[in-house]
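Data first, discussion second: the structure below is written as structure tokens.
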Amino acid sequence: MSKTSSDKGPNFKNCTQIATIIVGEEKKEWMIPTDLLCFHSGYFRSALRGGFAEAMTGRVELLNEKPSTFELIIEWLYSHKIKERDPIASFEELMPCFRVLLEAYILAEYLQMPELQNILMKFLNDRVAKHKYVSESDFAWAFAQVGPENPLGWWTIMSCSQVMEISDLFVDDLVEAGATVLLGEILQTIAGIEPLMTRFKLDDTFLVEKFNSED
């Protein structure tokens with residue numbers, strides 16, 4: 689049976705090989721071991737070990753991404769954890785904020801990092817379950833990026849449906865954000881399911897398969 693990224697760690701056989709990752713309009717640079725990137729990311733694996741120019745230069749540009757979002761990717765690469773900065777903070781002051789977490793999920797999907805996607809999904813799900821609240825504008829943004837067929841899009845629908853059932857969801861905020869498709873999906877979901885008195889089960893529907901980390 690082939691190993692996945694959760695079965696073993698990178699072997700760092702080329703521990704002196706460092707890749708430079710350039711992020712955002714400000715072109716902020718990170719120097720990261722190539723083996724670490726390639727072990728956890730199918731995107732970096734193709735770029736740095738394939739037949740692309742990046743493999744020759746050891747430099748990869750992500751100029752359309754935000755450094756603040758990529759910092760969360762780096763945090764997980766080195767610690768394998770995503771933590772609340774202040775667990776007792778009010779909902780509005782929670783860090784990382786919802787937008788950064790959602791951006792990080794979408795970036796992790798682009799970078800082909802399914803293990804991180806699942807970590808972020810569980811983190812987001814636990815936060816919504818704890819506070820029984822969502823950030824309508826951020827959820828509307830995320831849904832617009834991925835659509836209802838994506839695990840994140842479907843989770844967004846289910847989370848908003850749960851909050852509308854047991855707490856307060858500000859419909860006007862979704863309308864103002866132009867999230868009428870999301871709102872329609874939420875209302876259809878509520879109409880077709882039993883009252884959501886407890887958190888829905890975060891099963892494989894919302895998670896993604898891990899990729900084979902071996903060559």
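Letter 95 of the sequence shown, counting from 1, is numbered 783 in our numbering, and no numbers are missing.
For each residue, glycine too, the CB sits at the ideal point set by N, CA and C.
Predicted model only: the values in this text are computed from it and were never measured.
Which of the three DSSP states, helix, strand or coil, is assigned to residue i?
i      : result
Ser694 : Because Ser694 sits at a pLDDT of 46, beneath the cut-off of 50, its placement in the model cannot be relied upon, and the point is left open.
Met852 : helix
Leu895 : coil
Thr722 : helix
Glu864 : helix
Ile706 : strand
Asn900 : strand
Met689 : Unreliable placement is indicated for Met689, whose pLDDT of 38 sits below 50; the coordinate value is still reported in the next sentence. Here Met689 sits in coil by DSSP.
Lys810 : helix
Ala777 : coil
Pro784 : coil
Leu890 : coil
Lys771 : coil
Which first and last residues belong to the alpha helix (DSSP H) in which residue i is found?
i      : result
Met801 : No alpha helix (DSSP H) holds Met801; DSSP gives it neither H nor E.
Glu824 : 824 to 834
Leu736 : 730 to 737
Ser663 : Nothing about residue 663 can be reported from this structure: the residues present for the chain run from 689 to 903 only.
Hey, quick one: how far does the beta strand (DSSP E) through residue i stretch, first residue to last?
i      : result
Glu749 : 747 to 750
Buried or exposed, going by whether 16 or more other CB atoms sit within 10 Å of the CB of residue i?
i      : result
Gln805 : buried
Ile794 : buried
Asp723 : buried
Val896 : buried
Ile761 : buried
Phe758 : buried
Thr907 : Residue 907 lies beyond the residue range present for the chain, which begins at 689 and ends at 903; the question has no answer from this structure.
Would you please state the rounded distance, in angstroms, between the beta carbons of residue i and residue j? I believe it to be under 8 Å.
i      : j      : result
Ala828 : Ala865 : 4 Å
Gly738 : Ala707 : Wrong, their Cβ atoms sit about 13 Å apart, outside the cutoff.
Phe811 : Leu782 : Contact doesn't hold; Cβ gap of about 11 Å is too wide.
Leu750 : Ile709 : 7 Å
Gln800 : Phe899 : 6 Å
By DSSP's criteria, residue i is part of a beta bridge. Which residues make up the other side?
i      : result
Glu717 : Ile710
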